[in-house]
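Quick mapping for you: the protein sequence lines, in order, are chains A and B. Under the numbering used here, the residue at position 34 of the first sequence is numbered 34, and the numbers go up by one with no gaps. Under the numbering used here, the residue at position 25 of the second sequence is numbered 142, and the numbers go up by one with no gaps. Virtual Cβ for every residue (Gly too), placed ideally from N, Cα, C. Take a look at the structure set out below.
There are 2 protein chains.
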Amino acid sequence: MMMLMARAATTSDVFNAIAEPQRREILALLRTGERPVTELARELGMTQPGASKHLRVLREVGLVRDRRVGKQRLYGLDARGLRSVHEWTGGFERFWNESFDRLDAYVRELKQEGQEE
Amino acid sequence: MMMLMARAATTSDVFNAIAEPQRREILALLRTGERPVTELARELGMTQPGASKHLRVLREVGLVRDRRVGKQRLYGLDARGLRSVHEWTGGFERFWNESFDRLDAYVRELKQEGQEE
DNA sequence: TTGCCATATGCCAATATGGGTATATGATGA
DNA sequence: TCATCATATACCCATATTGGCATATGGCAA
Chain A
1 MMMLMARAAT
11 TSDVFNAIAE
21 PQRREILALL
31 RTGERPVTEL
41 ARELGMTQPG
51 ASKHLRVLRE
61 VGLVRDRRVG
71 KQRLYGLDAR
81 GLRSVHEWTG
91 GFERFWNESF
101 DRLDAYVREL
111 KQEGQEE
Chain B
118 MMMLMARAAT
128 TSDVFNAIAE
138 PQRREILALL
148 RTGERPVTEL
158 ARELGMTQPG
168 ASKHLRVLRE
178 VGLVRDRRVG
188 KQRLYGLDAR
198 GLRSVHEWTG
208 GFERFWNESF
218 DRLDAYVREL
228 KQEGQEE
């Protein structure tokens with residue numbers, strides 16, 4: 001078949017999940033507590049189906065969990081997955097702290113210390 | 118005109134820029150020093166045009182800078198933009214540190230302390 | 001069962017994206 | 001100016017995404 005493979009992984013990756021602004025809003029809002037889709041959609045000004053779709057993506061990557069309560073379904077935050085993103089960006093901390101002009105010098109130092117990253 | 122607007126912002130947002138695995142690889146590699154596109158492509162096993170395209174995205178969101186050296190163009194890291202991502206995810210830190218079972222209780226506490234997030 | 005409320009899906013339209021290959025553009029040195 | 005190396009673009013293809021709307025599904029209560 002040899003289908004041309006047009007793009008890499010996607011909605012199974014936390015980085016991608018939080019690349020969508022609205023999904024970030026959802027996560028931020030959920031910090032203040034669980035909510036049913038409807039309320040969430042209302043608070044963020046999106047349609048219910050739209051919110052449902054975003055929640056599905058978030059659920060698939062594990063950033064939210066849901067539990068039944070009567071005929072409602074409450075969505076809650078499970079931020080554990082954000083930790084990897086925090087750590088990944090943290091790996092660049094010294095670079096944004098270093099004065100930009102000193103960056104290259106710093107890099108040179110690193111290279112001498114231990115060869116091979 | 119009323120074009121249906123099928124998707125939100127995109128390649129002008131750091132979150133989106135780092136959603137691509139290969140772009141994250143590029144950033145990680147650049148921590149060890151500046152490089153011309155060709156070398157970068159070789160080290161990461163991608164074609165030169167492919168690497169150029171990713172670098173363009175990274176440059177547009179400000180995560181890399183480039184400078185001319187002879188007929189080469191060296192790309193270097195400018196991690197300052199990653200700081201916002203680090204901080205955003207950091208805003209969830211207490212949630213991934215809390216025992217999951219205690220989360221709801223914690224949220225309730227927050228709500229009582231200060232109304233309005 | 002039958003309604004009804006809450007939420008998830010299906011489908012379509014409009015775009016965004018990534019990758020590949022060929023080619024344009026830039027800069028340098030003879 | 002010309003040949004050449006380095007890098008960016010243009011185009012095309014296949015697929016991923018998002019949004020809107022209509023509709024299916026699920027769970028409850030009479």
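Item checked: Euclidean distance between Cα positions of Glu-25(A) and Gly-187(B) -> Here the C-alpha atom of Glu-25(A) lies approximately 46 Å from the C-alpha atom of Gly-187(B).
Check: Where DSSP assigns a beta bridge to Arg-152(B), which residues make up the other side?
Finding: DSSP lists Tyr-192(B) as the beta-bridge partner residues of Arg-152(B).
Next item on the list: Take the Cβ of Val-131(B) as the centre, count every other Cβ of all protein chains shown within 10 Å, and call the residue buried at 16 or more, exposed below.
Entry: Counting Cβ neighbours within 10 Å, Val-131(B) comes out buried, since at least 16 surround it.
Next item on the list: Please name the residue in Val-61(A), Gly-76(A) and Glu-60(A) whose C-alpha comes closest to that of Arg-67(A).
Entry: When only C-alpha atoms are compared, the closest one is Gly-76(A).
Next item on the list: Name, please, each residue of chain A whose Cβ falls closer than 9 Å to the Cβ of Ile-143(B).
Entry: Listed along chain A, no residue sits closer than 9 Å to Ile-143(B) by beta-carbon distance, the nearest being about 12 Å off.
Next item on the list: Determine the extent of the beta strand (DSSP E) in which Val-14(A) is found, giving its start and end residues.
Entry: No beta strand (DSSP E) holds Val-14(A); the alpha helix (DSSP H) holding it covers 14–17.
Check: Between the region 148–166 of chain B and chain A, which residues of the former have a C-beta closer than 8 Å to a C-beta of the latter?
Finding: Hits within the stretch, in order: Arg-148, Thr-149, Gly-150 and Glu-151.
Checklist line | Backbone secondary structure at Val-178(B) - three-state DSSP | finding: Val-178(B): coil per DSSP, three-state reduction.
Note to self: Against chain A, with Cβ distances strictly below 8 Å, would Gly-179(B) count as a contact?
What the structure shows: When Cβ-Cβ separations below 8 Å define contact, Gly-179(B) makes no contact with chain A.
Next item on the list: For Arg-80(A), write down the residues that DSSP places opposite it in a beta bridge.
Entry: Beta-bridge pairing links Arg-80(A) to no other residue.
Check: Apart from the five residues just before and just after Leu-191(B), which ones in its own chain have a Cβ nearer than 7 Å to its Cβ?
Finding: Shown here for Leu-191(B): same chain residues with a beta carbon closer than 7 Å to its own, the five before and five after excluded, namely Glu-151, Arg-152, Pro-153, Asp-183 and Arg-184 in chain order.
Check: Cβ of Leu-82(A) less than 8 Å from any chain B Cβ?
Finding: Interface residue, yes.
Note to self: I'd like to know whether the C-beta atoms of Arg-200(B) and Leu-175(B) end up nearer to each other than 8 Å.
What the structure shows: Remark: C-beta atoms of Arg-200(B) and Leu-175(B) do not approach each other more closely than 8 Å.
Checklist line | Distance CB(Leu-40(A))-CB(Ala-51(A)) smaller than 8 Å | finding: Going by C-beta atoms, Leu-40(A) is nearer than 8 Å to Ala-51(A).
Notebook entry, point to check: Expressed to the nearest angstrom, what Euclidean distance is found between the alpha-carbon atoms of His-203(B) and Gly-90(A)?
Noted result: Taking C-alpha positions only, His-203(B) is separated from Gly-90(A) by approximately 6 Å.
Notebook entry, point to check: Using the C-alpha atoms, what's the distance from Gln-72(A) back to Gln-48(A)?
Noted result: CA-to-CA, the gap between Gln-48(A) and Gln-72(A) works out to about 13 Å.
Notebook entry, point to check: At least one CB of chain B closer than 8 Å to the CB of Val-85(A): is that the case?
Noted result: Yes, because at least one Cβ of chain B sits closer than 8 Å to the Cβ of Val-85(A).
Check: I think Leu-55(A) touches Val-61(A), with their Cβ atoms under 8 Å apart; what is that distance to the nearest whole Å?
Finding: Between Val-61(A) and Leu-55(A) the Cβ distance is about 11 Å, and since that is not below 8 Å, they are no contact.
Notebook entry, point to check: Expressed to the nearest angstrom, what Euclidean distance is found between the alpha-carbon atoms of Thr-149(B) and Ala-136(B)?
Noted result: In a straight line, the C-alpha of Thr-149(B) is about 21 Å away from that of Ala-136(B).
Next item on the list: Check whether the Cβ of Leu-172(B) lies closer than 8 Å to any Cβ atom in chain A.
Entry: Answer no: the Cβ-Cβ gap between Leu-172(B) and chain A never drops below 8 Å.
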